[in-house]
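Participant: Shown below is the structure under consideration.
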C-alpha cells in the first residue's frame, strides 16, 4: 500500500555483503527419510511468482494407525487452520494421516469463510488417502492444516483445491519419498525464508532403526510460545512438520513433542513477535516398527519408559536442529547467537532471562555492530523479575567463540574485567558465538538456552515494506 | 571498540530527511518557574566535547522543609547513584534539599568505587546548601544523585567534584532561577537526546497559585518500570527531576509520584530496554505555600484529600508531558504514536497490551514504513496473557489521525474492513497519530495509554556503534 520512503543515511552507509545462507540447506541421503510417507509441493498460485511452490501435501501410507501430536500458537487470534487442526486432532484422539500446508496467505482473521476454506483443504486432502483403515468416524477429517503468509485476506481456495486434486491425477502427480519430494514439500512452506529447511536423522530404540525427517519455516514474526492443543492460542509464523516411522502412542507422542517444543521452537527469537499461525505437527506411522518380521507394539511412556526417554531425547535434539535453522535464516540476520543462562534458581527463571537477552533491541543492534556491549546484556538480565532475588555480585558474563578458541570473560562476579578489545572484536566478528551468563547459583542450579540473531538495516527494510 | 561496517543496502536506500525535533523545546516565561530553587549546568569534562554541559545542580533555597519523593529502576543491577539516593531518601524519611546529576557516565557496575564516588557527589553538593535548617542528622546527606551514560566505567570523579565546587566560588557561580539556569540544568541531563527537555506549568489549589517545572532525558534504553524506593531495582536510562513550590507531606508526595509515574514514564517505550539508572525525583519546597501572609500547612492525603487529588492530577498531567518528550526524541524516531487500549477487563490488562503493541518490532517497523499493518497490531494484542479470555470477535482496531480528521476503522468486531489505502497512507504519513484497540468490554471496562515511536535505520545505526 504505502510507498516506503527510506530516510537520510544513504551517504553514511557503507556496505558489507551478507553471504548467502543457502549452504545451511544440504541434500540428505534418501536412506535417511522415514518409510511410509509420500510428499510433494506444487504451485497453486497463492504466491504470485510463476512456479513458486505454495501448497504442500504429506501423506502417511503406513497400514498401521498413524499417531499425531501438535503444538499450536497461544495467540488469542488463532488462524482458521489452527482452529480446524486442533478440532480434528481432538476428535481423532491423536490420530491423523495427512498434512496440507499453504504459504502466501495465513488464512487468519478471515471469519466464517476462513474456517470453511481450511475445512475444504482438509477434506480435499483426505481424498488422496487410501480407503479409510483408520477407524475414524467419516464426519471428521484425517488431515491437519497449516497456512502462513499475510493476515486478513481470504485464501484463493479454488486454486488450492485444484492443486491438491492434481495429485489424484496420474499425469500430474508428483508425490514421492525421495529427496526431491521432501525438498518440494519443504519449499511449499517458505515465505520470506531464503532457503528450504529440511533435516533427517536415524536413531535406534531396542535394536530397531527408525528414521525421522522434518521441515520448518520461519524468517519473521518469530517468537513462538506454543502449547499442546486446548492449552490455548498465540500468533507468529513458525510452521514445522516432523515425520517418523516409529510407532508411539498418541498420548506419549504429545508428551514428547510438548517437552521438545519448549526447549527448541519456544526457545528461539527473531524479532520477539508471536504469530497467530504457529504450528508444529508430528506424525508417527509405525512403518518401521518391526523386528524379525514381527510388528512391534506402540512405544508408551507407561509401559516402556526407557524407550520413551530415548525417543524424547532424539526428538528434542531434532527439533533444536530445525529451530536453529529458523534463526539462521531470520529476516536480515547476519549473526547466529546462542544465549546460555546458567546458575539460575529455576529453569523458568533461566529461560525468561535468556529470552529477554535474545529479544533486547539494544543487545541485537550491538551484535549487528559487532560490539561486545556486556552492559546491555546485564541490563536485560537485571530487568527480569525472578522467583528469588538476583545477587548482582555473583553474576558473570562470558563471550564464547564458536571456533573452539579461548572464551573471553567480560564480567566476573559482578566486577567488569579489563577487556582485550581486539580479542572481543575477533569473537564478535564470527557468524556464530555464544553469550554465557552465569547467575552464580552453582552447578546444581538450573540452565536454559535460547537462539537469536542480530537486528540489521535489512530487518527494518524487509518489515518496513512487507505489504508493499 | 569494533569498527561498525554497514551492510549492502546503500544502493537501494533512498533518503527522506528527518526534520529537527528541536522545536519541541520552547522557551518558558520566567514567571512559570517555581520559587525557592537555584539551578545550573556546568562542563566538568565527563563528556569529551568542549563545553558540553555534563554536571547539573539543583538546590532548594526555601526556608521550609523540602519534601522529596522518587521512583527508581526495578533492575537487579542498580547503579551506584540509585543505591545511594534510595538510602539517603530512606534515612531522611522523605526529605532532601538538593539534586546533583551527571551525564556521560552511568556509574553502573562500578563496585565499591562507584558507591564512594556517588557519595562524594552528594557530600560536595551539600556544601552548596545554606547551613542546615533541615534537622537531618549530619551523618547523612541532603542531596540525591543521578548519573547516565556508559555502563561499567568509573566516573572522572575529581573533575565532577571540582565542577560542583565551582558553584561555591563567586566568580564562576552560574546558579540561578531564570530560563537560562533551568535550561543549563536540563542540558546537563542529555546523552543521545537531540534537544533539552524542559517544561513548566502553574496550578491552583484552594485559591493559591503554585508552579511546577521539570526536566528529563531519554533517547535510548527506554522502557522504564520504576517503583517507589524499596520496591526493588530495574535498568534503562530515563532520568527526570521535577520541582514544585507547593508544600506537601513526604508520604503524600510519594503516593502522588508513584501514581503519576505508572501513567507516564512507565507507559512509554523507545526500544523496550530497561536501564540500571532510571530515576524520577520530585522536590516540593513549600516556597509558595502562603496565603494572606500566613504559611500554609503541608498538603496531606489524610487531612485534605481534595487538595491532594488536585495535586496528583496536575502532577500526572505534567509527568505525561515530560514522558512524551522522551518518546518524541527517541533514538532514530520519526513518528510519535499513541497506543490506546480500551474495553479491557482490568487496567493492568489494558496496560500490558498497550505495552506489547508499543514494543513490537514488527509494529514499529511498519510504522516507520507508514504501513497500516493492523495484522501485526492484532498479533501483538493476542500474544498477551490476560486475566480473562479475549473475545476475538469483539475486537476493533482504528487508526486515529492527530489532525482532527475522520478516524479510519480497519477491524470492527473481529472482521477486517475494506480499507481505503489512500486514506490509510494519509494518516500513517502524519508525524503523530493514534492506534486505538477496543477489546469490546464496553464503556465501563478499563483503558490504558502508551506512547511509542517507530523503529528506523537510524535506530540501528545509533545503537550499532554507540560505544565506538
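Residue numbers (our numbering), protein chains in the order written: chain A, 974 to 1441; chain B, 974 to 1441.
Using N, Cα and C, we set each Cβ at its ideal position, and we do this for glycine too.
(1) Of the residues that make up the region 1380-1391 of chain A, which ones have a beta carbon closer than 8 Å to any beta carbon in chain B?
(2) Closer than 9 Å between beta carbons: that is the criterion. Which residues of the region 1074-1086 of chain B meet it against chain A?
(3) Tell me which same chain residues have a C-beta within less than 8 Å of the C-beta of residue 1393 of chain A, skipping the five on either side of it?
(4) Can we say the region 1288-1307 of chain B touches the region 1040-1052 of chain B, given the rule of at least three CB pairs closer than 8 Å?
(5) Is the CB-CB distance between residue 1127 of chain B and residue 1086 of chain B below 8 Å?
(6) Residues of chain B with CB closer than 8 Å to the CB of residue 1040 of chain A, please, in chain order.
(7) Can you pull the chain B neighbours of residue 1116 of chain A, defined as C-beta to C-beta under 8 Å?
(8) Indicate whether at least one CB of chain A lies closer than 8 Å to the CB of residue 1177 of chain B.
(9) In whole angstroms, what is the alpha-carbon distance linking residue 1314 of chain B and residue 1410 of chain B?
(10) For chain B, find out if any of its Cβ atoms is closer than 8 Å to the Cβ of residue 1374 of chain A; answer yes or no.
(11) Can you tell which of B/1173, B/1293, B/1140 and B/1074 has the C-alpha that lies nearest to the C-alpha of residue 1242 of chain B?
(12) When the cut-off is 8 Å and only beta carbons count, does residue 1365 of chain B lie next to chain A?
(13) Identify, in the order they occur along the chain, each residue of the same chain with its Cβ nearer than 6 Å to the Cβ of residue 1303 of chain A, setting aside the five sequence neighbours on each side.
(14) Residue 1057 of chain B versus chain A: which residues are under 9 Å apart at the beta carbon?
(15) By the 10 Å Cβ neighbour count, where 16 or more other Cβ atoms means buried, how is residue 1278 of chain A classified, buried or exposed?
(16) Drop a sphere of 10 angstroms on the beta-carbon of residue 1422 of chain B, count the other beta-carbons inside from all chains shown, and report buried for 16 or more, exposed for fewer.
(17) Listing by chain order, which chain A residues have their CB less than 7 Å from the CB of residue 1341 of chain B?
(18) Pair every Cβ in the region 1356-1369 of chain B with every Cβ in the region 1261-1279 of chain B, then say whether three or more of these pairs are closer than 8 Å.
(19) Tell me, please, whether the region 1210-1221 of chain B touches the region 1246-1258 of chain B by the rule of three or more beta-carbon pairs shorter than 8 Å.
(20) Can you check whether the C-beta of residue 1428 of chain B is within less than 8 Å of a C-beta belonging to chain A?
(21) I think residue 997 of chain B touches residue 1238 of chain B, with their Cβ atoms under 8 Å apart; what is that distance to the nearest whole Å?
(22) Between residue 1327 of chain A and residue 1310 of chain A, how many whole angstroms is the CB-CB distance? I'm expecting something under 8 Å.
(23) Look at the alpha carbon of residue 1234 of chain A and the alpha carbon of residue 1289 of chain A, and state the distance between them as a whole number of angstroms.
(24) Cβ atoms of residue 1005 of chain A and residue 1174 of chain A: under 8 Å apart, would you say?
(25) Any beta carbon from chain A within less than 8 Å of residue 1425 of chain B's own beta carbon?
(26) Which of the three DSSP states is assigned to residue 1425 of chain B in this structure?
(27) Since residue 1388 of chain B sits in a beta bridge, which residues does DSSP pair it with?
(28) Is residue 1384 of chain A closer than 8 Å to residue 1370 of chain A when the C-beta atoms are compared?
(29) For residue 1018 of chain B, which residues in chain A fall below 9 Å Cβ to Cβ?
(30) Note the first and the last residue of the continuous beta strand (DSSP E) segment covering residue 1411 of chain A.
(31) Under a three-way DSSP split, which group does residue 1332 of chain B fall into?
(32) Residue ranges of each beta strand (DSSP E) run of no fewer than 3 residues wholly in the region 1019-1059 of chain B, ordered along the chain?
(33) Determine the burial state of residue 1400 of chain B: buried for a count of at least 16 other Cβ atoms within 10 Å of its Cβ, exposed for fewer.
(34) What is the residue span of the beta strand (DSSP E) that residue 944 of chain A lies within?
(35) Between B/1375, B/1389 and B/1367, which lies nearest to residue 1348 of chain B when the distance is taken from Cα to Cα?
(36) For a contact meaning CB atoms closer than 8 Å, what does residue 1371 of chain A contact in chain B?
Facilitator: The answer reads as follows:
(1) 1384, 1387, 1388 and 1389
(2) 1079, 1081, 1082, 1083 and 1084
(3) 1381
(4) no
(5) yes
(6) Simply none; closest approach about 30 Å.
(7) The contacting residues do not exist; residue 1116 of chain A stays about 24 Å from chain B at best.
(8) no
(9) 5 Å
(10) no
(11) B/1293
(12) yes
(13) 1243 and 1426
(14) What residue 1057 of chain B touches in chain A: nothing, since even the nearest Cβ is about 15 Å away.
(15) exposed
(16) buried
(17) 1433 and 1437
(18) no
(19) yes
(20) yes
(21) Contact doesn't hold; Cβ gap of about 17 Å is too wide.
(22) Going by Cβ atoms, the distance from residue 1327 of chain A to residue 1310 of chain A rounds to 11 Å, so no, they are not a contact pair.
(23) 7 Å
(24) yes
(25) no
(26) strand
(27) B/1385
(28) yes
(29) Per Cβ cutoff of 9 Å: no residues; residue 1018 of chain B is ~22 Å from chain A at best.
(30) 1405-1411
(31) helix
(32) 1028-1033 and 1040-1046
(33) buried
(34) With chain A represented from 974 up to 1441, any question about residue 944 of chain A goes unanswered, as that position is not in the structure.
(35) B/1389
(36) Near residue 1371 of chain A there are no residues of chain B at all, since even the closest Cβ is about 15 Å away, more than 8 Å.
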